[in-house]
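If you count the sequence shown from 1, you need to add 36 to reach my numbering.
Here the structure is laid out as structure tokens; the discussion comes afterwards.
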Amino acid sequence: MRRGACGAVVVAVLCSAMAASADIYRYHSPNGLTVYTNAPAERVSKLLIKERPIPPAPRMMIVSPGVQPAVIQQLPRVTGPLRGVPIPTAPVQLFPTSYDELIREIAARYGVEYALVKAVIKAESDFNRLAVSSKGAQGLMQLMPATAAMHQVRNVFLPRDNIEGGCRHLRMLLDRYGGNIPLSIAAYNAGTRRVEDAGGVPPILETRQYLARVLRYRLAYLRENGVGLQARR
Numbered sequence: 037m038r039r040g041a042c043g044a045v046v047v048a049v050l051c052s053a054m055a056a057s058a059d060i061y062r063y064h065s066p067n068g069l070t071v072y073t074n075a076p077a078e079r080v081s082k083l084l085i086k087e088r089p090i091p092p093a094p095r096m097m098i099v100s101p102g103v104q105p106a107v108i109q110q111l112p113r114v115t116g117p118l119r120g121v122p123i124p125t126a127p128v129q130l131f132p133t134s135y136d137e138l139i140r141e142i143a144a145r146y147g148v149e150y151a152l153v154k155a156v157i158k159a160e161s162d163f164n165r166l167a168v169s170s171k172g173a174q175g176l177m178q179l180m181p182a183t184a185a186m187h188q189v190r191n192v193f194l195p196r197d198n199i200e201g202g203c204r205h206l207r208m209l210l211d212r213y214g215g216n217i218p219l220s221i222a223a224y225n226a227g228t229r230r231v232e233d234a235g236g237v238p239p240i241l242e243t244r245q246y247l248a249r250v251l252r253y254r255l256a257y258l259r260e261n262g263v264g265l266q267a268r269r
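Shown next as structure tokens:
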């Protein structure tokens, strides 16, 4: 393939995979190769693609109780940031994992609640770092390839890389929805478009069940660490 054509292909791939997550630069290496990167070399790189900031989410309601499955509607509700969201009361068996300290470290760095990150991992992969879903989600936090690329995850099966990407994504969602935990969890499962099209948690059974499961685990991990919900408003 001719060099010019090859360059066009590289640019196209980078545009589709990274344009929404990082600026793209081009420079010529000493051996004559044309390099495209999001980490520019000093004074020799030319900006090709400027990162576009993610637009803020529209104002929306928290939850639409009327479209929840009947079995979930009967569950008790809590106040604070979880207002209007049902949480199952069945006890959750808690076990320490080899990832706990890593989760604490990375969650703290991104300002994401430890109990929330651990709850997402529990719900997504049950702490199986090699988990792969039928839809292609991978690793502890079940990152889709596009999400992993967005957050520049190098190895989705390496726990540190995977949790880094998952925490970055949760941080992005929490910022997008003003710290609203239910909306952020729903968007982690169903995507931001479905959440915003629905004006809240979408009426998708899988997403509703996932949300209830994550909230249940989160509550258990908060209690495990001696933290009450009222303190987390």
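We treat Cβ as the ideally placed atom computed from N, Cα and C, and that holds for glycine.
Short Cβ contact (8 Å threshold) for residue i with residue j
| i | j | result |
| --- | --- | --- |
| residue 247 | residue 195 | no |
| residue 148 | residue 177 | no |
| residue 184 | residue 172 | no |
| residue 199 | residue 142 | yes |
Close Cβ partners of residue i (< 7 Å) along its chain, the five nearest in sequence each way excluded
| i | result |
| --- | --- |
| residue 197 | 189, 190 and 191 |
| residue 250 | 155, 156, 159 and 221 |
| residue 181 | 172 |
Close beta carbons around residue i, own chain, < 6 Å, minus the five adjacent residues each side
| i | result |
| --- | --- |
| residue 57 | Note that residue 57 has pLDDT 41, beneath the 50 cutoff, so the model's placement of it is unreliable and the number below is only indicative. Taken in chain order, the residues that qualify are 186. |
| residue 222 | 231, 237, 243 and 247 |
| residue 152 | 254 |
| residue 258 | 151 |
| residue 109 | Low local confidence applies: a pLDDT of 37 at residue 109 is under 50, so the model's placement there is unreliable, and no value is given. |
Local conformation of residue i per DSSP, three classes
| i | result |
| --- | --- |
| residue 205 | helix |
| residue 152 | helix |
| residue 69 | coil |
| residue 116 | In this prediction, residue 116 scores a pLDDT of 39, lower than 50, which makes its location untrustworthy; the coordinate-derived value is nonetheless stated afterwards. Note: residue 116 maps to helix in three-state DSSP. |
Rounded separation between residue i and residue j - CA only
| i | j | result |
| --- | --- | --- |
| residue 133 | residue 175 | 15 Å |
| residue 170 | residue 262 | 37 Å |
| residue 206 | residue 140 | 14 Å |
Close Cβ partners of residue i (< 8 Å) along its chain, the five nearest in sequence each way excluded
| i | result |
| --- | --- |
| residue 130 | 256, 257 and 260 |
Ordered list of alpha helix (DSSP H) runs contained in the segment 139-195, each at least 4 residues: 150-161 and 181-186
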